[in-house]
Amino acid sequence: NAGVTQTPKFQVLKTGQSMTLQCAQDMNHNSMYWYRQDPGMGLRLIYYSASEGTTDKGEVPNGYNVSRLNKREFSLRLESAAPSQTSVYFCASSEVRAWVNQPQHFGDGTRLSIL
Amino acid sequence: AQSVTQLDSHVSVSEGTPVLLRCNYSSSYSPSLFWYVQHPNKGLQLLLKYTSAATLVKGINGFEAEFKKSETSFHLTKPSAHMSDAAEYFCVVSDPTFVDKLVFGAGTILRVKS
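Just so you know, the sequences run in chain order C and B.
The first sequence maps to residues 101 to 215 in the working numbering.
The second sequence maps to residues 8 to 121 in the working numbering.
(1) When you compare the segment 108 to 118 of chain C with the segment 187 to 198 of chain C, are there three or more beta-carbon pairs, one atom per stretch, that lie closer than 8 angstroms?
(2) Quick one: which chain B residues come within Cβ less than 8 angstroms of Leu145 of chain C?
(3) Mind checking the segment 58 to 90 of chain B against chain C and listing, in chain order, the residues whose C-beta falls within less than 7 angstroms of any C-beta there?
(4) In angstroms with no decimal places, state the Cα-to-Cα distance between Ser59 of chain B and Pro38 of chain B.
(5) Thinking C-alpha only, which one of B:Thr79, B:Thr115, B:Cys98 is nearest Leu54 of chain B?
(6) Quick check: what's the CA-CA separation for Asp156 of chain C versus Ser149 of chain C?
(7) Please confirm whether Leu14 of chain B has its beta-carbon closer than 8 angstroms to some beta-carbon of chain C.
(8) Label Phe110 of chain C either buried or exposed according to how many other C-beta atoms from any shown protein chain fall within 10 Å of its C-beta, with 16 as the threshold for buried.
(9) So Leu63 of chain B and Glu73 of chain B are supposed to be a Cβ contact under 8 angstroms. How far apart are they, rounded?
(10) So Tyr135 of chain C and Val166 of chain C are supposed to be a Cβ contact under 8 angstroms. How far apart are they, rounded?
(11) Per DSSP, Asn165 of chain C forms a beta bridge with which residues?
(12) Just the chain B side, please: which residues come within less than 7 angstroms of Asp208 of chain C by C-beta, in chain order?
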């Protein structure tokens, strides 16, 4: 079972460079999410997509854009990378059923350093 | 708005002794609650979930958690720690009115001594 697959696993960028993080899930889930994880802060939601064709801002969307390419794929783009975006990025997916939150399934993360 | 507080940033136990990781939540509605575990350089794995059924929830690897509405708590326990339990643990809350959004605690790092 592949689950949620993220690429790349590691990346180093220079300030001002752009990059797209890729995420794909094979569980036929409707909802997908992008989080960033910073020490002592847990995970913070950047963007999410409740279904194919829709995206919404989360808690920390500034400096990022997303694309829900199809039901399987959800990408995160940094247009002009800044050192403050150095973090570990996680993609997740879940089913959504009315009034009951289902667990989210996570990828192994992308470790991104901005110099 | 919902929130979650993990009361300890680090917990250290000896192998074979009980584990207690504490979590308090704030929610305007009957929440869904989850515990996730993260091993080094890995993603998050679901340990257990509470969604208004039984208040004592059993999860994987011998972990369980008890939902106490009067105390707004959802503490994670395990009777006997194993070396493989060393990881970071996250308590997570969500409101049914925001079915797409989870709120994560800051995490508790569990160290298991031999």
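Even glycine gets a Cβ: it sits at the ideal position worked out from N, Cα and C.
So, to answer that:
(1) In this structure the segment 108 to 118 of chain C does not touch the segment 187 to 198 of chain C; the number of beta carbon pairs closer than 8 angstroms is below three.
(2) Going along chain B in sequence order, the residues near Leu145 of chain C (Cβ under 8 angstroms) are Lys108, Leu109.
(3) So the close ones are Thr58.
(4) Approximately 8 angstroms between the Cα atoms of the pair.
(5) If we check each option's Cα against that of Leu54 of chain B, B:Cys98 comes out closest.
(6) Rounded to the nearest angstrom, the two C-alpha atoms are 6 angstroms apart.
(7) No, its Cβ sits nowhere closer than 8 angstroms to a Cβ of chain C.
(8) Exposed: under 16 other Cβ atoms inside 10 Å.
(9) So it is a contact: roughly 5 angstroms between Cβ atoms.
(10) Between Val166 of chain C and Tyr135 of chain C the Cβ distance is about 12 angstroms, and since that is not below 8 angstroms, they are no contact.
(11) According to DSSP, Asn165 of chain C shares a beta bridge with C:Arg177.
(12) Within 7 angstroms Cβ-Cβ: Lys49, Gly50.
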